[in-house]
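Okay, structure first, notes after.
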Amino acid sequence: MMSVSNIFLPIAVSYPQASALVVFANTFSIDLSHINVYALAQYASIAICLLSFLVQSLLHHKMNRFAATPLTSGLTGAQIAKKMLQHHGIHDVTITHTSGKLTDHYNPLNKSVNLSEEVYHGCHTAAAAVAAHECGHAVQHAHGYAFLQMRSALVPIVSFTSRYMIFIIMLGIFAMHTTPVPLEIGVGLFAMTTLFSFITLPVEFDASSRALAWIDRQGIVSISEYKQAKSALWWAAMTYVLAALGSLAELLRLVALLNRRRD
Ligand SMILES: [Zn+2]
């Protein structure tokens, strides 16, 4: 299985000046020139894709298991969300329910906490964890949390670039032997989406830590329920980590493709 160091190896090889790995390699006289960055990034992409599938399945399994036991406090996800927003003095955010499974999200544009039916009406640890997590985003918004602001600023750019990116990259690969320009533009656009997925990480981890601290302090959950909530949010965060790493591996594969054309 591909390790994290293998995922970052292509960066080290692509940007030798800034690479601690190259310093290490020079110190011990290790030859890095034979490394095929393109193949390495491709293997990393496949490994991350398989790992993402496993983590998603595990998350679904855990959520289903945590949804089977009723919460001691008897509160539903919607009631917990209402309590958390009130406790933080937030009165301009609406709590609503949305269709689908794991579709829960906070919308900063219309200031709404959108909970899936199962979380909104659910009275179990999974519902408590997810509802508090989404309210964690509302608290970030109210406090002007820097990474959320950066993420929100990137949303219109990323939704625009992700719409056209794939066509530009395909055109770039097709025209690669004539001109590198379309592929360079495509790689630039893809880099924006990679940056976006990495900025998402502190936003997600911070919302979860706000959620866990609050449900613990307010006695919303018992000790064993707290452990379940922590586990659910940790596995949910792992899906974001893998998405970011997958995007990075794909970006490196494209950079390697571009470099191959230049050689
Ligand atoms: Zn979130």
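The sequence shown begins at 77 in my numbering and counts up by one. Ideal Cβ placement from N, Cα and C applies to all residues, glycine included.
Near ligand 1: residue i beta-carbon under 6 Å from a heavy atom
{"i": "E193", "result": "no"}
{"i": "A283", "result": "yes"}
{"i": "E280", "result": "yes"}
Cβ separation of residue i and residue j, assumed to be a contact under 8 Å, to the nearest whole Å
{"i": "A203", "j": "E194", "result": "7 Å"}
{"i": "I139", "j": "A308", "result": "According to the sequence shown, residue 139 is Met rather than Ile. M139 to A308, Cβ: 6 Å. Contact."}
{"i": "T172", "j": "S149", "result": "With 8 Å as the limit, T172 and S149 do not qualify as a contact, their Cβ atoms being about 22 Å apart."}
{"i": "G322", "j": "C125", "result": "6 Å"}
{"i": "A289", "j": "E210", "result": "In fact, because the Cβ distance is near 15 Å, the residues do not count as touching under 8 Å."}
{"i": "E280", "j": "A313", "result": "5 Å"}
Cβ neighbours of residue i in the same chain (closer than 7 Å, five flanking residues each side left out)
{"i": "A218", "result": "H164, I166"}
{"i": "Q93", "result": "Low per-residue confidence applies at Q93: pLDDT is 42, beneath 50, and the placement is therefore not dependable enough to give any value."}
{"i": "K177", "result": "S192, E194"}
Bridge partners - residue i, DSSP secondary structure assignment
{"i": "H173", "result": "L191"}
{"i": "Y182", "result": "V189"}
{"i": "P146", "result": "H200"}
6 Å CB neighbourhood of residue i in its chain, flanking five on each side removed
{"i": "S79", "result": "No answer about S79 holds up, because its pLDDT of 36 lies below 50 and its placement is not dependable."}
{"i": "I87", "result": "Note that I87 scores 43 on pLDDT, short of 50, meaning its location in the model is unreliable; the coordinates nonetheless yield the value given after this. If we look at I87 and ignore the five residues flanking it on each side, it has no Cβ neighbours."}
{"i": "S128", "result": "L318"}
{"i": "Y196", "result": "G153, A154, H173"}
{"i": "E301", "result": "T201"}
{"i": "L185", "result": "none"}
Nearest to residue i (by Cα), restricted to the options the options
{"i": "T145", "options": "L135, L259, Q304, H181", "result": "Q304"}
{"i": "L330", "options": "T315, W290, M252", "result": "M252"}
{"i": "Y240", "options": "F223, F274, L265, F272", "result": "L265"}
{"i": "G198", "options": "S273, V215, G212, D180", "result": "D180"}
{"i": "N183", "options": "V215, L277, P258", "result": "V215"}
{"i": "H151", "options": "L327, A208, T276", "result": "The sequence shown places Leu at residue 151, not His. Residue A208 is the option with its Cα nearest to L151."}
{"i": "F142", "options": "L324, V297, A320", "result": "V297"}
{"i": "Y119", "options": "A325, V231, R336", "result": "A325"}
Sequence-distant residues of its chain with Cβ nearer than 8 Å to residue i (five each side left out)
{"i": "S81", "result": "Residue placement at S81 is poorly supported in this model, since its pLDDT is 39, which falls under 50; the coordinates are not used for a value here."}
{"i": "W310", "result": "S284"}
{"i": "D168", "result": "K187"}
{"i": "E260", "result": "G248, L334"}
{"i": "T315", "result": "S128, V131, Q132, L135"}
{"i": "V234", "result": "M268, T269, F272"}
{"i": "M77", "result": "Caution is warranted here: a pLDDT of 32 is assigned to M77, below 50, making its placement in the model unreliable, and the coordinate value is therefore given only provisionally. A123, L127, listed in sequence order."}
{"i": "N190", "result": "T172, H173, T174, T179, D180, H181, Y182, N183, E210"}
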